[in-house]
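In what follows, a single structure is set out as structure tokens and then discussed.
In mature numbering (1 follows the signal peptide of the UniProt record, and there is no 0), the protein residues as written are -22 to -1, 1 to 496.
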């Protein structure tokens, strides 16, 4: 009791002194007390306010990173906090964790224990709150821990933000004339396609995933070699081969936003550059059907024709006329600068994807190395791709007709993933009916291909009997063309003997007719 009475007496004395002594002297005494505490304490304290400066306008990026880091660390150090604040946005199913006001959470880094305290103070006569985080480090190791630990916090926070944030699908706005305010409009991107559900050959999946992972982790490499941190993909193949689904799977795999650029809505090269500037980092810029979007290949042909017809004394007038003519539309030069020029390095971690049904129709300048680094050929279903579709749609890993279907695939009767998927979707309630219908469609394709081959006779054609394999190609475009020519010869050599295919078709028909469920 005597100790308590002395404490109350001391508190009363402090209260009297606070009312009697001038504020300047009280501030000096408080400063002396904090200095003595810092001198005797074994810890160092660092305050991270929510806003920079005293105006309260500029948000402190480090405060945001600490908030995200403690949210991400909820599964490890954050779990030791006695009180957490839970929240969830309407557009997300993920629950967000935050340290409750004026509570402490412990963390460990390089064998040392560090502490975060979330301070929230309410100003007098105001509803505004002053928020900050206080970091406590061992004083003996503060110089060795502070910079690496904050870098660790920032990296972990950025990774958590990339994975957890809501991804968006953007398209260029028709009402915007290159303005920075209305160049893009967006909706939530919730496409369910993933590499696990994609109908691709396993080796092709592995190659694409490895290439995307190396790109996403290659910041230091690209800086070291002096290249813009971007990657170009050209997806080519017949309609229904899965080009759009592959783009969605790439976006979900990397957690990137998608910018669907419609070139027909872009008025000129200046607006194209403006749209590029407005795109964010960690995004995929898609131009679908590049050979049909605008007539880019006509640029060079027109210029060569005009140069051959006009005399030397009129060349200067013609050049100025051509510049005026091109100022009102997107040109090949503008698109080249968009993909690989100086304007292409105004952001980091971007992937540019072109799609086309006919690779030969695309101007070679657009698909050369450095612009389109990876060419992915998507054709009809292979054996593994068909089994993946059957597993996804029908829930079966084996069936009595699998062998017959695979025989049709190897003999040139393969269908596109979209065609197979539609048949399986329509008959997903009965696997037997679905498999028989797929087999009948492949047999019909083989018969149609045989008829076309008989009519063409000695013509070099591969209509309807394209290879079911999908190919990922890297390197020189000349090598791609040579490889394509080699495969074409192999296909022609294997398709000359149509008698064997007809006999195989007749044998399959007999098998299906003998099926009692037919």
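Where is the CB? At the ideal position from N, CA and C, for every residue including glycine.
It should be emphasised that the depicted structure is a prediction, and the values quoted were computed from it without experimental measurement.
Original post:
Using the rule of at least 16 other Cβ atoms within 10 Å of the residue's Cβ for burial, across every protein chain shown, is residue 323 buried or exposed?
Top reply: Taking the first residue of the chain shown as position 1, residue 323 is located at position 345. It is exposed - the Cβ of residue 323 has fewer than 16 other Cβ atoms within 10 Å.
Original post:
Between residue 244 and the ligand COA, is the CB less than 6 Å from at least one heavy atom?
Top reply: The ligand content of the structure shown is nil, which means the ligand COA is not present either.
Subject >> Cβ-Cβ separation, residue 350 to residue 386 (assumed contact under 8 Å), whole Å >> reply: Here residue 386 refers to the residue found at position 408 of the chain shown. Here residue 350 refers to the residue found at position 372 of the chain shown. 33 Å between Cβ atoms; not a contact.
Original post:
Less than 7 Å separating the beta-carbons of residue 94 and residue 75?
Top reply: Here residue 94 refers to the residue found at position 116 when the chain shown is read from its first residue. Here residue 75 refers to the residue found at position 97 when the chain shown is read from its first residue. No, the Cβ-Cβ distance between residue 94 and residue 75 is not below 7 Å.
**OP:** For residue 408, count neighbouring C-beta atoms within 10 Å of its own C-beta (all shown protein chains included) and say buried if the count is 16 or more, exposed if not.
**Re:** Within the chain shown, residue 408 is the residue found at index 430, counting from 1. Exposed, by the Cβ-count rule.
Original post:
Near residue 198, which residues of its chain fall below 7 Å by C-beta distance, leaving aside the five closest residues on each side in sequence?
Top reply: By 1-based counting over the chain shown, the position of residue 198 is 220. Hits under 7 Å: none found.
Original post:
Just to confirm, are residue 232 and residue 178 a CB contact at a threshold of 7 Å?
Top reply: For the purposes of this step, residue 232 is taken as the residue at position 254 of the chain shown. For the purposes of this step, residue 178 is taken as the residue at position 200 of the chain shown. Taking 7 Å as the Cβ cut-off, residue 232 and residue 178 do not qualify as a contacting pair.
Original post:
Considering only residues of the same chain and omitting the five flanking positions on each side of residue 187, which have a CB-CB separation below 8 Å?
Top reply: For this step, residue 187 is matched to residue 209 along the chain shown. So the qualifying residues of the chain are 173 and 231.
Original post:
Can you name, in chain order, every residue of its own chain whose Cβ lies under 6 Å from the Cβ of residue 345, other than the five neighbours on each side?
Top reply: Taking the chain shown and counting its residues from 1, the one referred to as residue 345 is at position 367. Contacts found: 212.
**OP:** Determine the DSSP secondary structure at residue 150, reduced to helix, strand or coil.
**Re:** What you label residue 150 is simply residue 172 of the chain shown in a count that begins at 1. Of the three classes helix, strand and coil, the one that applies to residue 150 here is strand, per DSSP.
**OP:** Throw me the rounded Cβ distance for the residue 87 and residue 41 pair, which I believe falls under 8 Å.
**Re:** Walking along the chain shown from the start, residue 87 turns up at place 109. Walking along the chain shown from the start, residue 41 turns up at place 63. Going by Cβ atoms, the distance from residue 87 to residue 41 rounds to 19 Å, so no, they are not a contact pair.
Original post:
What's the C-alpha gap between residue 241 and residue 84?
Top reply: Looking up residue 241 in the chain shown gives position 263. Looking up residue 84 in the chain shown gives position 106. Approximately 52 Å, taken between the alpha carbons.
Original post:
Is it the case that the Cβ atoms of residue 46 and residue 133 are separated by a distance below 7 Å?
Top reply: Sequence index remark: in the chain shown, residue 46 carries index 68 (1-based). Sequence index remark: in the chain shown, residue 133 carries index 155 (1-based). Going by C-beta atoms, residue 46 is not nearer than 7 Å to residue 133.
**OP:** Helix, strand or coil for residue 129, going by three-state DSSP, please let me know.
**Re:** Here residue 129 refers to the residue found at position 151 of the chain shown. Three-state DSSP puts residue 129 in a helix.
Subject >> residue 331 (DSSP reduced to helix, strand or coil) >> reply: Here the question's residue 331 lines up with position 353 in the chain shown. DSSP places residue 331 in strand when its eight states are reduced to three.
Original post:
Across which residues does DSSP place residue 86 in a beta bridge pair?
Top reply: Along the chain shown, read from residue 1 onward, the residue named residue 86 stands at position 108. Residue 86 is bridged to 91.
Original post:
What residue from 258, 355, 124 and 180 has the CA that sits closest to residue 220's CA?
Top reply: By one-based count along the chain shown, residue 220 stands at place 242. Residue 355 is the option with its Cα nearest to residue 220.
Subject >> alpha helix (DSSP H) runs wholly inside the stretch 133 to 221, at least 4 long, in chain order >> reply: 180 to 194 and 197 to 203
Subject >> Same chain, Cβ closer than 7 Å to residue 315, five either side skipped, listed in chain order >> reply: Here residue 315 is taken as the residue at index 337 of the chain shown, counted from 1. Same-chain partners within the cutoff: 321.
Original post:
Can you tell me whether DSSP reads residue 354 as helix, strand or coil?
Top reply: If you number the chain shown from 1, residue 354 lands on position 376. Of the three classes helix, strand and coil, the one that applies to residue 354 here is strand, per DSSP.
**OP:** Taking all protein chains shown into account, decide if residue 360 is buried (16 or more other Cβ within 10 angstroms of its Cβ) or exposed.
**Re:** Within the chain shown, numbered from 1, the residue matching residue 360 stands at position 382. When all chains shown are included, residue 360 counts as buried.
Original post:
So, is residue 381 buried or exposed, given that buried needs 16 or more other C-beta atoms within 10 angstroms?
Top reply: On the chain shown, residue 381 is found 403 positions in, with the first residue counted as 1. Exposed, by the Cβ-count rule.
Original post:
Which residues bound the alpha helix (DSSP H) around residue 112?
Top reply: The sequence position of residue 112 within the chain shown is 134, counting from 1. Taken as a continuous stretch (DSSP letters only), residue 112 belongs to no alpha helix (DSSP H), being part of the beta strand (DSSP E) at 107 to 116.
Original post:
In three-state DSSP terms, what is residue 25?
Top reply: The residue you call residue 25 lines up with position 47 of the chain shown. In this structure, residue 25 counts as strand in the three-state DSSP scheme.
Subject >> Distance, residue 364 Cα to residue 180 Cα >> reply: Sequence index remark: in the chain shown, residue 180 carries index 202 (1-based). Sequence index remark: in the chain shown, residue 364 carries index 386 (1-based). Using only the alpha carbons, I get a separation of about 12 Å.
Original post:
Who does residue 62 pair with in a DSSP beta bridge?
Top reply: For this step, residue 62 is matched to residue 84 along the chain shown. Its beta-bridge partners are 77.
Subject >> Endpoints, alpha helix (DSSP H) assigned at residue 371 >> reply: Here residue 371 refers to the residue found at position 393 of the chain shown. 361 to 372 is the extent of the alpha helix (DSSP H) around residue 371.
Original post:
The beta strand (DSSP E) with residue 261 in it runs from where to where?
Top reply: Locating residue 261 in the chain shown gives position 283, counting from the first residue. Note, residue 261: beta strand (DSSP E), 261 to 265.
Original post:
Between which two residues does the beta strand (DSSP E) carrying residue 238 extend?
Top reply: Translated into positions along the chain shown, residue 238 becomes position 260. Run containing residue 238: 235 to 238, per the beta strand (DSSP E) assignment.
Original post:
Which partner residues of residue 37 appear in the DSSP bridge assignment?
Top reply: Residue mapping note: residue 37 aligns to position 59 of the chain shown, counting from 1. Answer is 29, bridged to residue 37.
**OP:** Give me whichever residues DSSP pairs with residue 96 in a beta bridge.
**Re:** Counted from its first residue, the chain shown places residue 96 at position 118. DSSP, once it has assigned bridges, lists 81 and 111 as partnering residue 96.
Subject >> Option nearest residue 336 by Cα separation, candidates 216, 120 and 89 >> reply: For this step, residue 336 is matched to residue 358 along the chain shown. Out of 216, 120 and 89, 216 has the C-alpha closest to the C-alpha of residue 336.
Original post:
Taking Cβ to Cβ, would you say residue 269 is nearer than 7 Å to residue 171?
Top reply: In the chain shown, counting from the first residue as 1, residue 269 sits at position 291. In the chain shown, counting from the first residue as 1, residue 171 sits at position 193. Not a contact, by the Cβ cut-off of 7 Å.
Original post:
Terminal residues of the continuous alpha helix (DSSP H) containing residue 317?
Top reply: As a position in the chain shown, residue 317 is number 339, starting the count at 1. 310 to 318 is the extent of the alpha helix (DSSP H) around residue 317.
Original post:
Among 78, 116, 73 and 98, which has the Cα closest to the Cα of residue 92?
Top reply: Taking the chain shown and counting its residues from 1, the one referred to as residue 92 is at position 114. Comparing Cα positions, the closest option is 116.
**OP:** Below 6 Å CB to CB, which residues in the same chain sit around residue 466 once its five sequence neighbours on both sides are set aside?
**Re:** Here residue 466 refers to the residue found at position 488 of the chain shown. Since pLDDT at residue 466 reaches only 45, below the 50 mark, its modelled position is unreliable, and no value is offered.
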